[in-house]
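Student: Chains as they are written, first to last, in my numbering: chain A, 1168 to 1428; chain B, 636 to 713.
Just so you know, even glycine gets a beta-carbon here, dropped at the ideal spot from N, CA and C.
#1: I need the boundaries of the alpha helix (DSSP H) containing residue 1417 (chain A), first residue and last residue.
#2: Counting Cβ pairs, one atom from each stretch, are 3 or more of them under 8 Å apart for the region 692 to 705 of chain B and the region 645 to 665 of chain B?
#3: Go ahead and label residue 1401 (chain A) buried or exposed: buried means 16 or more other beta carbons lie within 10 angstroms of its beta carbon, across all protein chains shown.
#4: Looking at the secondary structure, which residues open and close the alpha helix (DSSP H) in which residue 666 (chain B) lies?
#5: Nearest CA to the CA of residue 1273 (chain A): which residue from A:1427, A:1192, A:1248, A:1305?
#6: Tell me which residues share the same chain as residue 667 (chain B) and place their Cβ nearer than 8 Å to its Cβ, disregarding the 5 neighbours each side in the sequence.
#7: Buried or exposed for residue 1174 (chain A), please, with buried defined as at least 16 other CB atoms from any protein chain shown within 10 angstroms of its CB.
#8: Determine, for residue 1410 (chain A), whether the minimum Cβ-Cβ distance to residues of chain B falls below 8 Å.
#9: Hey, quick one: how far does the alpha helix (DSSP H) through residue 1364 (chain A) stretch, first residue to last?
#10: Since I believe residue 1302 (chain A) is in contact with residue 1349 (chain A) (beta carbons under 8 Å), could you give me their beta-carbon distance rounded to a whole number of angstroms?
#11: Give the DSSP-derived three-state secondary structure of residue 1235 (chain A) in the structure shown.
#12: Would residue 681 (chain B) pass as an interface residue toward chain A - the criterion being a Cβ-Cβ separation below 8 Å?
#13: Take residue 1310 (chain A) as the anchor and find which of A:1422, A:1296, A:1217 has the nearest alpha-carbon.
#14: Of all the CB atoms in chain B, is at least one closer than 8 Å to the CB of residue 1252 (chain A)?
#15: Could you run through the region 685 to 706 of chain B and flag, in chain order, every residue whose CB is less than 8 Å away from some CB of chain A?
#16: Based on the DSSP secondary-structure assignment, which residues constitute the bridge partners of residue 1207 (chain A)?
#17: For the candidate residues A:1245, A:1286, A:1351, A:1336, whose alpha-carbon lies nearest to that of residue 1209 (chain A)?
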């Protein structure tokens, strides 16, 4: 989406770049196009994410010490945190689905944090990646709701606590909001990650201004401070968005298990 | 010429759609502000309600996401 803006205002500087360049999917080997089975930078960073998760959760807990080591206590902390969230939000009978929610959370949180490394590729900044996760949650929750409750699951749209004349209108709104769920669920994560990283790159483009003229003496320190501040905010956002994605999965799961309001 | 005008309209519309994000900002600020004022009155009950706060944030933020979606569609799909 950003290639044509490249070098349009190139003032002989090598550091001119477009803020959206970091999201371009390109093949890792060779210069060919991107096909279905091409190994791209997305593939690479997803593999690194999975390896990091394996390092934390499998290798970190392999000792099974009663007094946990540092890595093991981080893994136990993450496990306990998500387990408590599932239990609090979705209820005790949602615990059989805890492994799936744990997988989602750990994958998102790791790819968000790994994407913050300078030069890294943020896999969750692509709607294609988050939409697959959100659609999987949506389909799983809908199928689960029908399997567990039969057609009684449709009562999730019929709010029995509302006054009777209002119920058909509310039912319409509920149906719309139900089918919009995967859209907002996926774009929230992708949009937050993409926007934050693009803002960092916009300020990064101002940082080499000191090489152009005297105005840079003013602009360069300001933009470096701004990059640092926004980076700190992004560290927070990386965690919060993973948390929000997971907690919304729990809320949808609760709707599937207990459709009666 | 005609295509240029259409593209101009799409870009202006994308910019206008982004004003909807201001509404999402007001909504999220309202949720968190009210949570905080409630939490400072009764700090012992606040811990159990943070999850509810995040759900509320997510729901009000969803409407800001729709304006972002409209902007994206105008930029890349129209």
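Tutor: Answer, in terms of the structure:
#1: Position 250 of the first chain, counting from 1, holds the residue named residue 1417 (chain A). Bounds of the alpha helix (DSSP H) holding residue 1417 (chain A) are 1383 to 1424.
#2: The region 692 to 705 of chain B is in contact with the region 645 to 665 of chain B.
#3: Counting from one through the first chain, the residue named residue 1401 (chain A) turns up at place 234. Classification for residue 1401 (chain A): buried.
#4: Walking along the second chain from the start, residue 666 (chain B) turns up at place 31. Looking at the DSSP string, the run of the alpha helix (DSSP H) that includes residue 666 (chain B) is 655 to 676.
#5: Counted from its first residue, the first chain places residue 1273 (chain A) at position 106. Check the Cα spacing between residue 1273 (chain A) and each of A:1427, A:1192, A:1248, A:1305: the tightest is with A:1248.
#6: Counting from 1 along the second chain, the entry for residue 667 (chain B) is found at position 32. Here the set comprises 688, 692.
#7: For this step, residue 1174 (chain A) is matched to residue 7 along the first chain. With a pLDDT of only 42 at residue 1174 (chain A), under 50, the local geometry of the prediction cannot be trusted, and the value read off the model is given with reservation. With fewer than 16 other CB atoms across the displayed protein chains lying within 10 angstroms of its CB, residue 1174 (chain A) is exposed.
#8: Taking the first chain and counting its residues from 1, one reaches residue 1410 (chain A) at position 243. Yes - at least one Cβ of chain B is within 8 Å of the one on residue 1410 (chain A).
#9: Working through the first chain from its first residue, we reach residue 1364 (chain A) at position 197. Its alpha helix (DSSP H) spans residues 1334 to 1373.
#10: Here residue 1349 (chain A) corresponds to residue number 182 of the first chain, with the count starting at 1. Here residue 1302 (chain A) corresponds to residue number 135 of the first chain, with the count starting at 1. Right, their Cβ atoms sit about 5 Å apart.
#11: Numbered from its first residue, the first chain carries residue 1235 (chain A) at position 68. Looking at residue 1235 (chain A) - three-state DSSP - the assignment turns out to be coil, as it is neither helix nor strand.
#12: Mapped onto the second chain, residue 681 (chain B) falls at position 46. For residue 681 (chain B), the nearest beta carbon of chain A is not closer than 8 Å to its own beta carbon.
#13: By one-based count along the first chain, residue 1310 (chain A) stands at place 143. Checking every option, the nearest Cα to that of residue 1310 (chain A) belongs to A:1422.
#14: Against the first chain, residue 1252 (chain A) aligns to sequence position 85. Answer yes: the Cβ-Cβ gap between residue 1252 (chain A) and chain B drops below 8 Å somewhere.
#15: Here the close residues are 686, 689, 690, 692, 693, 696, 697, 700, 701, 703, 704.
#16: Position 40 of the first chain, counted from the start, is the residue given in the question as residue 1207 (chain A). A:1194.
#17: In the first chain, residue 1209 (chain A) corresponds to position 42, counting from 1. Of A:1245, A:1286, A:1351, A:1336, the residue nearest in Cα terms is A:1286.
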